[in-house]
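Visitor: I have a structure I would like to understand better, so I am pasting it below and will then ask my questions one at a time.
Residue numbers (the working numbering): 5 to 905.
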């Protein structure tokens, strides 16, 4: 195996082997651009080094051969006493990880060669400055010396000289600093600074390999979902110097503005400096445009090269360069990182320029970026002026400002009075839904990214910060206490940033999102005053809708959510959770059903619920007229509709102490005890409720059928689908289906209409997935409930595990990402795939969809396209993301499936 490649041997398509930096240096070399000669050590060498603790046996000889070739090309040897060849040793992984791994410059300098460098350059100060930089970088990066020790010594040297800038130090000052730096190395490491140039290079190469597994690199990879097994390449490049005087310098350039996407000259330049000075911010840079005044020849050449690179890469390029005494050198290029807004603008600009087609443009933007554009955000210049109280988990992006409230009742009451509020809880539960809807944002001191607060907030497009553990939330006193004893009382203004997890005291200015205004229909892309970003988003979404195979539905429980979902591009409802229709004032009717002691009482309670359910469904079918609406029959355990056992026990005990007996409370308490389960998630819920409680599912089916009939009478086009939850065996489905078909037939006969209702099931238990072929015999459709399927496959209770050990699992690399955020392809995904194949083998026309939170997750959407599902369903706010990702999946050609809807 070959471990070392000269720059002229590689190309930009070898990023897996040469890393991004090495591949792009090779590409620029092949384009004839001015790149200092050098070679790249492959990622394969790094992987073997990390696996065995030693470099591959063949590596040293290969490096020696390429170093010899480099020395012949340059006409001098590494560290040569009278005219030293110096090199840089820089990391370069496949995916850009800026600042996460190590770099060492000026390798080859020593006590013996520093004077030779001074003589060749005609500048003694430059030589000693280069030497002190080497010792400082090498000491910190390779030998593990605390960098502050070097910085302190440098600052002390400037103070002693009475100057403020490094460049004001003279050669004699730098000589003293070199001596001091070497003594720091000796004292801290127990060894002298290495004087052998080859030893310097070898140690630096090993340090770069080791930096792949450094804490900051691992953390960055987890954050960016970069695989941990890729390894880094190492680039050994002959040095060019930007610190040779005012006709030298170093800079960073972008072919377009990475923040906005606008064309122009963007970047920074620093005279008489080396590259790390720009990155470290040690001295103030000047805008790149000023280089034209300082060195017009180099500036003009740089502009030509930037144009060449952007045309060649067909994308925004990020460039590092050095000017050595008027000669321009290219040190790096890569496809540049950009903001979400820039990504959409640049993609459409490049289409207009004819550099890429629409299919390629679609691969240049992501659902994550679109989601970022949809959330309101704080003014970038506003946050720094305000007092930060704490930092939690950035659960749902956006920016929200409002008065602190500590319960849902107050949130609703104050919002109806025109107040903007932030709902603050230790954690939220379904009873907080009204308050969450009323609030501008939600802040909890407990919970993670997939806690109740987080999931619901993302679905509603609400800003949410969870798990702000530094905050002590006292709902009784209606206050929270932040570190340092800062107290926020109810009514005090706070600001929460769901993009960073930061919580501020007071009001931070908010910038609204024009993209949401566009999806809501309040801003039109074709209008004369339309926002440029909105036009770019519109164009990408229009193309996405033309090419995607997967349809996108919404999880919506009421007409308001359904209407919003339709505006956002939903093609139906994939999940209507009927339990949400029983909250609030209607809870009393469910209580009567639970407390019923005879058939007559139970039938009376069901009769009260039927017209209420029917009214909900009529509104829902009207909002989604002409589109499918999948209604899930009642799923959660009945005890969720009863008061909390502790609260109710206290209420009953207090009443008894006052001899004020409340018969209804006593019956409720008995019912709560009767229905109490050790693990309700695996108890009496879903299809089991319909089989155990006579008439419950029949009531719901009748309400759906009557509502559909009403819509037909009103010349509408209802397309209802009835979904039975938590089925584990085909016998359960057969029993419920028989009952439902009798109810539907009775309504059809009485109303004189063919309702065209279909019946299917959720696949959310492993047994259902494993016996999908049998279940398909009695199902018109499957909808994968991936939330519960993930819990039952992993043996997790989501609410419990997120609070206890998920963080540790993520840190240890057991999870790359939470399986509740992105589908677990190997486990849960394999069941989805197997169930899809078995179901279609039994019934080729079986409609397949997914209605868990994964339906709006970008990576999961690609998997569902690949498996061949017909649709994904997600919360209304995530619909545009799912539309875009469904198209990206189709354009990338990974899989496919049936084309029926």
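Glycine included, every Cβ here is placed at the ideal spot set by N, Cα and C.
Under three-state DSSP, which class holds residue 168?
Guide: As a position in the chain shown, residue 168 is number 164, starting the count at 1. In the structure shown, residue 168 sits in coil (DSSP, three-state: anything other than H, G, I, E or B).
Visitor: Check residue 50 in the structure and name its three-state DSSP category.
Guide: Here the question's residue 50 lines up with position 46 in the chain shown. Helix.
Visitor: By DSSP, does residue 421 sit in helix, in strand, or in coil?
Guide: The residue given as residue 421 occupies position 417 in the chain shown. The answer is coil: DSSP assigns residue 421 none of H, G, I, E or B.
Visitor: Counting pairs of beta carbons, one from the stretch 246-257 and one from the stretch 43-57, are three or more of them closer than 8 Å?
Guide: Flag = no, the stretch 246-257 and the stretch 43-57 do not touch.
Visitor: In the DSSP assignment, the alpha helix (DSSP H) including residue 831 goes from what residue to what residue?
Guide: For the purposes of this step, residue 831 is taken as the residue at position 827 of the chain shown. From DSSP, residue 831 is part of no alpha helix (DSSP H); its letter is neither H nor E.
Visitor: Please work out which residues of its chain come closer than 8 Å, Cβ to Cβ, to residue 150, disregarding the five sequence neighbours upstream and downstream, and give them in chain order.
Guide: Position 146 of the chain shown, counted from the start, is the residue given in the question as residue 150. Cβ neighbours of residue 150 beyond the five flanking positions: 144, 192.
Visitor: May I ask you to report which of helix, strand or coil DSSP gives residue 674?
Guide: To locate residue 674, count along the chain shown from 1; it is residue 670. Residue 674 falls in the helix class under three-state DSSP.
Visitor: Only counting runs of 4 or more residues, tell me where the alpha helix (DSSP H) segments fall wholly within the stretch 222-299, in order along the chain.
Guide: Qualifying alpha helix (DSSP H) stretches, in chain order: 279-284, 295-298.
Visitor: Considering just the uninterrupted stretch of the beta strand (DSSP E) at residue 111, what are its terminal residues?
Guide: Residue numbering aside, residue 111 sits at position 107 when the chain shown is read from its first letter. From DSSP, the beta strand (DSSP E) with residue 111 extends over 107-111.
Visitor: From the DSSP output, in three-state form, read off residue 802 for me.
Guide: What you label residue 802 is simply residue 798 of the chain shown in a count that begins at 1. Note: residue 802 maps to helix in three-state DSSP.
Visitor: Quick check: what's the CA-CA separation for residue 602 versus residue 586?
Guide: Residue 602 sits at position 598 when you count from the first residue of the chain shown. Residue 586 sits at position 582 when you count from the first residue of the chain shown. Cα-Cα distance, rounded: 22 Å.
Visitor: What three-state label does DSSP hand residue 737 in the structure shown?
Guide: Here residue 737 refers to the residue found at position 733 of the chain shown. Residue state, collapsed to three classes: helix.
Visitor: Would you decide whether residue 5 is buried or exposed? Buried here means 16 or more other CB atoms lie within 10 Å of its CB.
Guide: Position 1 of the chain shown, counted from the start, is the residue given in the question as residue 5. So residue 5 ends up on the exposed side.
Visitor: Return the first residue and the last residue of the alpha helix (DSSP H) that residue 28 is part of.
Guide: Within the chain shown, residue 28 is the residue found at index 24, counting from 1. Looking at the DSSP string, the run of the alpha helix (DSSP H) that includes residue 28 is 19-34.
Visitor: Could you spell out the range, first to last residue, of the alpha helix (DSSP H) harbouring residue 499?
Guide: Within the chain shown, the letter at position 495 stands for residue 499. Looking at the DSSP string, residue 499 is not in any alpha helix (DSSP H); the run it does join, the beta strand (DSSP E), is 497-501.
Visitor: Going by DSSP, what residue range makes up the alpha helix (DSSP H) through residue 365?
Guide: Here residue 365 refers to the residue found at position 361 of the chain shown. First-last of the alpha helix (DSSP H) with residue 365: 362-367.
Visitor: Do residue 74 and residue 243 come within 8 Å of each other at the CB atom, strictly closer than that value?
Guide: In the chain shown, the residue the question calls residue 243 occupies position 239. In the chain shown, the residue the question calls residue 74 occupies position 70. No, these two residues do not count as a Cβ contact at 8 Å.
Visitor: Which residues bound the beta strand (DSSP E) around residue 787?
Guide: Here the question's residue 787 lines up with position 783 in the chain shown. Here the beta strand (DSSP E) through residue 787 covers 785-788.
Visitor: What did DSSP end up calling residue 904 once you bin it into helix, strand or coil?
Guide: For this step, residue 904 is matched to residue 900 along the chain shown. A caution first: residue 904 carries a pLDDT of 28, below 50, which makes its placement in the model unreliable, though a value can still be read off. Of the three classes helix, strand and coil, the one that applies to residue 904 here is coil, per DSSP.
Visitor: So who's on the other strand from residue 357, going by DSSP bridges?
Guide: Position 353 of the chain shown, counting from 1, holds the residue named residue 357. Beta-bridge pairing links residue 357 to no other residue.
Visitor: Using a Cβ-Cβ cutoff of less than 7 Å, which residues in the same chain neighbour residue 864 once the five nearest sequence positions on both sides are dropped?
Guide: Reading the chain shown from its first residue, position 860 is the one you call residue 864. For residue 864, where only same-chain residues beyond five positions count, the Cβ hits under 7 Å are 826, 827, 858.
Visitor: Suppose contacts are defined by Cβ-Cβ distances below 8 Å. Is residue 97 in contact with residue 7 by that definition?
Guide: What you label residue 97 is simply residue 93 of the chain shown in a count that begins at 1. What you label residue 7 is simply residue 3 of the chain shown in a count that begins at 1. Contact flag unset, no.
Visitor: Please work out which residues of its chain come closer than 6 Å, Cβ to Cβ, to residue 522, disregarding the five sequence neighbours upstream and downstream, and give them in chain order.
Guide: On the chain shown, residue 522 is found 518 positions in, with the first residue counted as 1. 538.
Visitor: Grab the span of the alpha helix (DSSP H) containing residue 392 for me, first residue to last.
Guide: Numbered from 1 along the chain shown, position 388 holds the residue referred to as residue 392. Premise fails: residue 392 lies in the beta strand (DSSP E), 392-395, not in any alpha helix (DSSP H).
Visitor: What separation, rounded to the nearest whole angstrom, lies between the Cα atoms of residue 783 and residue 776?
Guide: Within the chain shown, residue 783 is the residue found at index 779, counting from 1. Within the chain shown, residue 776 is the residue found at index 772, counting from 1. Looking at the two C-alpha atoms, the distance is approximately 10 Å.
Visitor: Among residues of its own chain, excluding the 5 on either side of residue 285, which ones have a beta-carbon nearer than 7 Å to its beta-carbon?
Guide: The residue you call residue 285 lines up with position 281 of the chain shown. Only weak support exists for where residue 285 lies, its pLDDT of 44 falling under 50; the coordinates are left without a value.
Visitor: Could you spell out where the beta strand (DSSP E) holding residue 117 opens and where it closes?
Guide: Counted from its first residue, the chain shown places residue 117 at position 113. No beta strand (DSSP E) holds residue 117; DSSP gives it neither H nor E.
Visitor: Sort 731, 648, 672 by Cα distance to residue 687 and report the nearest one.
Guide: Locating residue 687 in the chain shown gives position 683, where the first residue counts as 1. Among 731, 648, 672, the Cα nearest to that of residue 687 is on 731.
Visitor: Is the stretch 609-616 touching the stretch 637-649 in the sense that three or more CB pairs, one from each, lie closer than 8 Å?
Guide: Verdict: no, contact absent.
Visitor: Look at residue 544 and residue 352 and say whether their C-beta atoms are less than 8 Å apart.
Guide: For the purposes of this step, residue 544 is identified with residue 540 of the chain shown, where counting begins at 1. For the purposes of this step, residue 352 is identified with residue 348 of the chain shown, where counting begins at 1. Yes, they are a contact pair.
Visitor: Where does residue 479 land, buried or exposed, given buried means 16+ other C-beta within 10 angstroms?
Guide: Reading the chain shown from its first residue, position 475 is the one you call residue 479. The residue is exposed, with fewer than 16 neighbouring Cβ atoms inside 10 Å.
Visitor: In chain order, what residues of the same chain have a beta carbon less than 7 Å from the beta carbon of residue 846, not counting five sequence neighbours either side?
Guide: On the chain shown, residue 846 is found 842 positions in, with the first residue counted as 1. Result list for residue 846: 777, 780, 781, in chain order.
Visitor: Would you give the residue range spanned by the beta strand (DSSP E) that residue 77 belongs to?
Guide: Looking up residue 77 in the chain shown gives position 73. Looking at the DSSP string, residue 77 is not in any beta strand (DSSP E); the run it does join, the alpha helix (DSSP H), is 63-78.
Visitor: Nearest to residue 651 by alpha carbon, out of 669, 136, 665, 231?
Guide: Along the chain shown, read from residue 1 onward, the residue named residue 651 stands at position 647. When only C-alpha atoms are compared, the closest one is 669.
Visitor: What does DSSP give as the partner residues of residue 508 in its beta bridges?
Guide: Along the chain shown, one-based indexing puts residue 508 at 504. Its beta-bridge partners are 392, 499.
Visitor: Put residue 156 into one of helix, strand or coil per three-state DSSP.
Guide: Taking the first residue of the chain shown as 1, we reach residue 156 at position 152. In this structure, residue 156 counts as helix in the three-state DSSP scheme.
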